[in-house]
Amino acid sequence: MSTAPVLQIAPRLVGPRLEVDLGAVAANTRFLAGRATGDLMAVVKADGFGHGAVEVARTALGHGASWLGVATIPEALQLRAAGLTAPVLSWLNPLDADWSRAVGAEVDLAVSSREQLDAVLGCTIGARVHLRLDTGMARDGAAPSEWAALCRVARAAERAGRVRVVGMMGHLPCADEPAHPANGLGRTRFAWGLMTARAAGLRPHARHLAATSATVLDPLSHHTMSRVGAGLVGIDPSRRLPAGTLRGALRLTAPLVEVRTVRAGTSVGYGHTWTAARTTRLGLVPLGYADGLPRLASAGAEVGVAGSRCAVAGRISMDMTVVDLGSTSAQVGDEVVLIGHGDGEPTVREWADWSGLLEHEVLTGLGRARVTRMVARRADVRSLS
Ligand SMILES: *Cc1c(COP(=O)(O)O)cnc(C)c1O
14 MSTAPVLQIA PRLVGPRLEV DLGAVAANTR FLAGRATGDL MAVVKADGFG HGAVEVARTA
74 LGHGASWLGV ATIPEALQLR AAGLTAPVLS WLNPLDADWS RAVGAEVDLA VSSREQLDAV
134 LGCTIGARVH LRLDTGMARD GAAPSEWAAL CRVARAAERA GRVRVVGMMG HLPCADEPAH
194 PANGLGRTRF AWGLMTARAA GLRPHARHLA ATSATVLDPL SHHTMSRVGA GLVGIDPSRR
254 LPAGTLRGAL RLTAPLVEVR TVRAGTSVGY GHTWTAARTT RLGLVPLGYA DGLPRLASAG
314 AEVGVAGSRC AVAGRISMDM TVVDLGSTSA QVGDEVVLIG HGDGEPTVRE WADWSGLLEH
374 EVLTGLGRAR VTRMVARRAD VRSLS
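Using my numbering, you'd call the opening residue of the sequence shown number 14 and step up by one each time.
Structure, rendered in C-alpha cells:
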C-alpha cells in the first residue's frame, strides 16, 4: 500500500531510495490524452507499474485521464479506499472473487465468459460490466465462437434488471509493431464483436481496444477510450517516439557503503567474473537482485556516480552490487544513481537492454522491502503553475 512520505528537500541519503516524479506522470498523461481520440483510462495495475497506484492514479486523473483500470478487485478497492471516485474497471478475477464488494464500491467488471457472468449475477444486482472479446491474444476474453451467446445471455440479464452492460473491451497482441497483420485483424474482430453485441440489443457506451502502443500509433483502434499503463510511467513499448517524448518517472539511488582500492588482477564477486585491469577503486552499493536489480544485467550494467558512468564489477548479488569507481573521487556516503531519468544517468530502458528484460519487468520488480519510497510532487506543482 502506498503511504509514501512527501519529499520536500533532498535530505542526506540514509539508504536506498526510490523517488517517483509525479510531474513526469502528469506530462506523460497529458501527451497520451492528446493522442487518444476518445477518453483516457489510466491503468495502474501492479501498484502503478511499481510507482504507487494511488499517486499515479490521482495524478493521471488531474491531467487528462477520466477512468482508472486495474487487474484485480483488491487493486480497485485500494483506489476506492484512497478516496478516488472516478470510474474504475477491474478485468482479471477468479470466479469466486468478491464481486459484491466490488459492485458495492462501484467498480466496473470485465466479463469474458458465461461462467464469469453467472458468477457475477449470482451475488450482485445491477453490476456494471464490460464484455471482453478475444481480439487476437488468445489469452483472455471470450472466443469469437462464444461471443454471440455471451451477448444474448448478458442482454437477457440486462432486460431483467440484473446487470448493466456498459462497455466492451479487447486487447491487441502486436500493437507495438504497426505493420503487423494482427492489428488489422484485431480491429476487424472488435468491430464485428460490437455489431454482434448491438444485434443482441446491447448498447455498450465504453468501447476500448487500444493500450499505450495503439494509442500512440493506431488511431483506428481508439473507439471511445484508450487504456494506457506503460506510457504513464514513461515506457514507449514501440520505441518509435522521439527520445524524451515520454519521461521516466522513477529514480533509484543508494549511498556507497564501502570503498576500497584494489590492484590490477583482483577478481570481484561470486564466480570471479570480473577482474580489475588496473589499479582502481571499487564501491559497494547496498542494492541487489532482491531489490529488483536484474542479475542478468551484471555484465553490461553501469551506474551514475557524480555525473560519470561507472561499470558494475562482477555479478550483482542478492543484497549488493560492486561498481568500478575508476577515476572518480567518490567516497563512502556519496550517492549512486542506479536508475535515473537520462541526462547521462542510467535509464530503465538501458537496464532492460542490459538484462534482456522488458522495461515493464524492471519497473514492476523494483524494491519494496528495503527501499524507502518517496513521492516528489515539486515537478507536479511546477507543471501546474
Ligand atoms: C496492462 C493492460 C493495459 C495497459 O497496457 P500498456 O501497454 O501498459 O498501456 C491495457 N489493457 C489491459 C487489458 C491490460 O492488461
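C-beta: ideal position from N, C-alpha, C; glycine also.
Find out if the Cβ-Cβ distance for the pair Gly82, Arg240 is shorter than 7 Å. Reading the sequence shown from its first residue, position 69 is the one you call residue 82. Reading the sequence shown from its first residue, position 227 is the one you call residue 240. Yes.
Are there 16 or more other CB atoms within 10 angstroms of the CB of Ser103, so buried, or fewer, so exposed? If you number the sequence shown from 1, residue 103 lands on position 90. Under this definition Ser103 is a buried residue.
Starting from the C-beta of Ser125, find all residues in its chain whose C-beta is less than 7 Å away, skip the five residues before and the five after it, and write them out in chain order. On the sequence shown, position 112 is the one that residue 125 refers to. Excluding residues up to 5 positions away in sequence, Arg145, Asp153, Gly154 and Ala155 lie with their Cβ nearer than 7 Å to the Cβ of Ser125 in the same chain.
Option in Gly139, Pro194 and Glu159 with minimal Cα separation from Val179: In the sequence shown, counting from the first residue as 1, residue 179 sits at position 166. That would be Gly139, whose Cα lies nearest to the Cα of Val179.
Quick check: what's the CA-CA separation for Ala115 versus Leu134? By 1-based counting over the sequence shown, the position of residue 115 is 102. By 1-based counting over the sequence shown, the position of residue 134 is 121. About 13 Å.
Can you tell me whether Glu374 is helix, strand or coil according to DSSP? Taking the first residue of the sequence shown as 1, we reach residue 374 at position 361. Here Glu374 sits in helix by DSSP.
Mind checking whether Leu185 and Ala227 have CB atoms under 7 Å apart? The count along the sequence shown starts at 1 and reaches residue 185 at position 172. The count along the sequence shown starts at 1 and reaches residue 227 at position 214. Yes, the pair counts as a contact, with Cβ atoms nearer than the cut-off.
Here's the rule I'm using: 16 or more other beta-carbon atoms within 10 Å means buried, otherwise exposed. How should Pro107 be labelled? As a working mapping, residue 107 is identified with position 94 in the sequence shown. Under this definition Pro107 is an exposed residue.
Can you tell me which of Arg386, Met238, Cys164 and Gly183 puts its alpha carbon nearest to the alpha carbon of Gly47? Counting from 1 along the sequence shown, the entry for residue 47 is found at position 34. Ranking Arg386, Met238, Cys164 and Gly183 by Cα distance to Gly47 puts Met238 first.
Drop a sphere of 10 angstroms on the beta-carbon of Ala212, count the other beta-carbons inside from all chains shown, and report buried for 16 or more, exposed for fewer. As a first step, residue 212 is located in the sequence shown; it is residue number 199 there, counting from the start. Under this definition Ala212 is an exposed residue.
If I measure Cβ to Cβ from Gly117 and keep anything under 8 Å in the same chain, skipping five residues before and after, which residues do I get? Looking up residue 117 in the sequence shown gives position 104. None.
Would you mind stating whether Gly301 and Thr266 have Cβ atoms separated by less than 7 Å? To locate residue 301, count along the sequence shown from 1; it is residue 288. To locate residue 266, count along the sequence shown from 1; it is residue 253. Cβ atoms of Gly301 and Thr266: not closer than 7 Å.
May I ask you to report which of helix, strand or coil DSSP gives Thr137? To locate residue 137, count along the sequence shown from 1; it is residue 124. Thr137: coil per DSSP, three-state reduction.
Alpha-carbon to alpha-carbon, Ser251 and Glu190: On the sequence shown, residue 190 is found 177 positions in, with the first residue counted as 1. On the sequence shown, residue 251 is found 238 positions in, with the first residue counted as 1. Spanning the two alpha carbons is a distance of roughly 7 Å.
Residues near ligand 1, criterion Cβ-heavy atom distance below 5 Å: Val56, His184, Ala224, Thr225, Arg240, Val241, Gly242 and Ala243
Other residues of its chain near Ser311: CB distance less than 8 Å, five sequence neighbours each side excluded: Sequence index remark: in the sequence shown, residue 311 carries index 298 (1-based). Around Ser311: Thr286, Val325, Gly327, Arg328 and Ile329.
In the DSSP assignment, what residue or residues form a beta bridge with Val267? Within the sequence shown, numbered from 1, the residue matching residue 267 stands at position 254. The sequence shown places Ala at residue 267, not Val. Answer is Val349.
For Met14 and Ala389, I'd like the C-alpha separation in whole angstroms. Translated into positions along the sequence shown, residue 14 becomes position 1. Translated into positions along the sequence shown, residue 389 becomes position 376. Its pLDDT being 42, under 50, Met14 is placed unreliably in this model, and the value from its coordinates should be taken loosely. Going by the C-alpha atoms only, they are around 17 Å apart.
Quick one: is Leu122 buried, meaning 16 or more other Cβ sit within 10 Å of its Cβ, or exposed? Walking along the sequence shown from the start, residue 122 turns up at place 109. Result: buried.
Closest by CA to Ala151, which one among Ala195, Ala173 and Ala162? One-based indexing of the sequence shown puts residue 151 at position 138. Selected option, being the one with the closest Cα: Ala195.
Is the segment 339 to 350 in contact with the segment 303 to 320, if contact means three or more CB pairs nearer than 8 Å? yes
Does the Cβ-Cβ distance between Asp337 and Cys323 come in under 7 Å? Translated into the one-based positions of the sequence shown, residue 337 becomes position 324. Translated into the one-based positions of the sequence shown, residue 323 becomes position 310. Cβ distance < 7 Å, so Asp337 and Cys323 count as in contact.
Terminal residues of the alpha helix (DSSP H) in which Cys164 lies: Sequence index remark: in the sequence shown, residue 164 carries index 151 (1-based). Start and end: Pro157 to Arg172.
Keeping to the same chain, check which residues put their C-beta closer than 7 Å to that of Thr50; ignore five residues upstream and five downstream. Start at 1 with the first residue of the sequence shown, and residue 50 comes out as number 37. Here the set comprises Pro232 and His235.
If I measure Cβ to Cβ from Arg253 and keep anything under 6 Å in the same chain, skipping five residues before and after, which residues do I get? Counted from its first residue, the sequence shown places residue 253 at position 240. Within the same chain, Arg253 has no close Cβ partners at all.
Three-state class that DSSP yields for Val316 in the structure shown: To locate residue 316, count along the sequence shown from 1; it is residue 303. Note: Val316 maps to strand in three-state DSSP.
List in chain order: all unbroken beta strand (DSSP E) runs of 3+ residues lying wholly within the segment 246 to 313. 263 to 268, 271 to 275 and 293 to 298
Endpoints, the alpha helix (DSSP H) within which Leu198 is located: Sequence index remark: in the sequence shown, residue 198 carries index 185 (1-based). That run of the alpha helix (DSSP H) goes Pro194 to Ala212.
Just verifying my parser: in three-state terms, what is the DSSP assignment at Leu146? What you label residue 146 is simply residue 133 of the sequence shown in a count that begins at 1. Three-state result, Leu146: strand.
DSSP three-state assignment for Ala123, whether helix, strand or coil: Translated into the one-based positions of the sequence shown, residue 123 becomes position 110. Of the three classes helix, strand and coil, the one that applies to Ala123 here is strand, per DSSP.
Leaving aside the five residues before and after Asp52 along the sequence, list all residues of the same chain whose C-beta is less than 7 Å from its C-beta, in chain order. Position 39 of the sequence shown holds residue 52. Cβ within range, chain order: Ser79, Trp80, Thr237 and Met238.
Please check the pair Thr341 and Pro29, which I expect to be a contact at CB under 8 Å, by giving their CB distance rounded to whole angstroms. Within the sequence shown, residue 341 is the residue found at index 328, counting from 1. Within the sequence shown, residue 29 is the residue found at index 16, counting from 1. Contact doesn't hold; Cβ gap of about 20 Å is too wide.
Hey, how far is the Cα of Val345 from the Cα of Thr293? By one-based count along the sequence shown, residue 345 stands at place 332. By one-based count along the sequence shown, residue 293 stands at place 280. Looking at the two C-alpha atoms, the distance is approximately 15 Å.
Tell me whether Ser368 sits in a helix, a strand or coil according to DSSP, three-state version. Here residue 368 is taken as the residue at index 355 of the sequence shown, counted from 1. Helix.
If Gly261 sits next to Gly282, beta carbons under 8 Å apart, how far is it from one beta carbon to the other, in whole angstroms? Taking the first residue of the sequence shown as position 1, residue 261 is located at position 248. Taking the first residue of the sequence shown as position 1, residue 282 is located at position 269. Their Cβ separation, rounded to whole angstroms, is 28 Å, which puts Gly261 and Gly282 out of contact at 8 Å.
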